[in-house]
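Colleague:
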Amino acid sequence: EVRNSRTRRAMEKGSRFGQAAAEEAWKNAEADSLYKLHEQGVRVPTPVLFYEGILLMELVRDAEGQPAPRLVEAPPQTPEEAEALYLDLRAQVVRTLCADLIHGDLSPYNILMSGSGPTIIDFPQTVAAARNSQAEFYFRRDLDNVRQFLEGFSTRLAGRAGDIREPDWGPFQAQ
334 EVRNSRTRRA MEKGSRFGQA AAEEAWKNAE ADSLYKLHEQ GVRVPTPVLF
384 YEGILLMELV RDAEGQPAPR LVEAPPQTPE EAEALYLDLR AQVVRTLCAD
434 LIHGDLSPYN ILMSGSGPTI IDFPQTVAAA RNSQAEFYFR RDLDNVRQFL
484 EGFSTRLAGR AGDIREPDWG PFQAQ
């Protein structure tokens, strides 16, 4: 989103200036989301610096100090581990919502298995929860993507499909 109506029209037309403005807005939104989520205690890479469209953040490492693999490359080894991962990630998704953001494309491909727990990455498509009419859809999809992947390692997670309707989850309460 941009406030300048002239810039917004250029972005909608797809002019060269509009494309450059859209790219700049996209970079700023991703950096803003990362800083906000880090401040809120969501497990994300620690942002170090954002300057002229370049975002520098910490290298996420696994327990042995190596670059952390994605969840899809380092899946849980036991049903209990899958269930613990789900509960941890569900808490991270809810904490993200409490920051008025929704990841929008959460999957096992953008969760790193760091030594301190699963770390969420990749925020260019972040949705502002309060301003998006599709916020509940994206929130459900994020949580379902995680649960469905982990169900392959613990069938007990299939019973958690209704987690989004838990009464303490704020704007998406059951009616």
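Counting from 334, one number per residue, gives the positions in the sequence shown under our numbering. Beta carbons: idealized from backbone N, C-alpha and C, even for Gly.
If we ignore side chains and look at the alpha-carbon of each, how far apart do Thr379 and Phe456 end up?
Modeller: Stepping through the sequence shown from its first residue, residue 379 is reached at position 46. Stepping through the sequence shown from its first residue, residue 456 is reached at position 123. Distance between the alpha carbons of Thr379 and Phe456 is about 13 Å.
Colleague: Which of the three DSSP states is assigned to Thr452 in this structure?
Modeller: Residue 452 sits at position 119 when you count from the first residue of the sequence shown. Here Thr452 sits in strand by DSSP.
Colleague: DSSP three-state call for Trp502: helix, strand or coil?
Modeller: One-based indexing of the sequence shown puts residue 502 at position 169. Unreliable positioning characterises Trp502 in this predicted model, as indicated by a pLDDT of 43, which lies under 50. The coordinate reading is nonetheless provided below. If DSSP states are grouped into helix, strand and coil, Trp502 belongs with coil.
Colleague: In the DSSP assignment, find the beta strand (DSSP E) that holds Phe383 and state where it starts and stops.
Modeller: Here residue 383 refers to the residue found at position 50 when the sequence shown is read from its first residue. Run containing Phe383: Pro380 to Tyr384, per the beta strand (DSSP E) assignment.
Colleague: So, at 6 Å on beta carbons, what are the nonlocal neighbours of Ser440 in its own chain, with the 5 sequence-adjacent residues on each side left out?
Modeller: Position 107 of the sequence shown, counted from the start, is the residue given in the question as residue 440. Contacts found: Asn478.
Colleague: Could you tell me which uninterrupted beta strand (DSSP E) segments, each at least 3 residues in length, are contained entirely in the segment 377-445, listed from first to last along the chain?
Modeller: Within the segment 377-445, the complete beta strand (DSSP E) runs of at least 3 residues are 380-384 and 387-390.
Colleague: By alpha-carbon positions, which one of Arg349, Ser348, Ala432 and Arg342 ends up nearest to His371?
Modeller: Taking the first residue of the sequence shown as 1, we reach residue 371 at position 38. Looking at the Cα atoms, Ala432 is the closest of the given residues.
Colleague: Can you list, in chain order, the residues of its chain with a C-beta nearer than 7 Å to that of Gly448? Leave out the 5 residues immediately preceding and following it.
Modeller: Start at 1 with the first residue of the sequence shown, and residue 448 comes out as number 115. For Gly448, where only same-chain residues beyond five positions count, the Cβ hits under 7 Å are Arg394, Asp395 and Ala396.
Colleague: First and last residue of the alpha helix (DSSP H) that includes Val375?
Modeller: What you label residue 375 is simply residue 42 of the sequence shown in a count that begins at 1. Per DSSP, Val375 belongs to no alpha helix (DSSP H) and is neither H nor E.
Colleague: Three or more beta-carbon pairs under 8 Å between the segment 408-427 and the segment 483-491, yes or no?
Modeller: Verdict: yes, contact present.
Colleague: Per DSSP, what kind of secondary structure is Arg489 in: helix, strand or coil?
Modeller: By 1-based counting over the sequence shown, the position of residue 489 is 156. Arg489: helix per DSSP, three-state reduction.
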